[in-house]
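All remarks here apply to the structure that follows.
In our numbering, the protein residues as written are 412 to 562.
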């Protein structure tokens, strides 16, 4: 094999050095700048995406805070409306109850007056009835005609 012949080592090493230099400088000068540009472009794109994501997150956080603030304000407003409505309803009910109490008290007084009048009438009738019964009993005991029947 000619490549293992020691007399041919020097030219082979020279050609190896020339081809290695051409390939090395071809890769370093031509290919590496292109790869560097791609890497730099990707780095810039990733940095831009990270910046955009941070901006979007900040916007999202501010929107969330505004949403929560608006929800809290709406809850407070609704609670105030409920309290106002409750107070108005309670005062209206108290007014109605007071009117009903007054009406019931008037009915109660009228009923008590009617009961007292009927009691007085009944007591007056009891006296006359008792007298009439007494006369009737006496007449029956004595065997005389009853003055009630004669009347």
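For glycine and all other residues, C-beta sits at the position ideal for the given N, C-alpha and C. Note that the coordinates shown come from a computational prediction; the quantities given were computed from them, not determined experimentally.
Could you give the DSSP three-state label for residue i: helix, strand or coil?
i, result
"residue 466", "helix"
"residue 495", "helix"
"residue 506", "helix"
"residue 452", "helix"
"residue 538", "helix"
"residue 554", "coil"
"residue 416", "coil"
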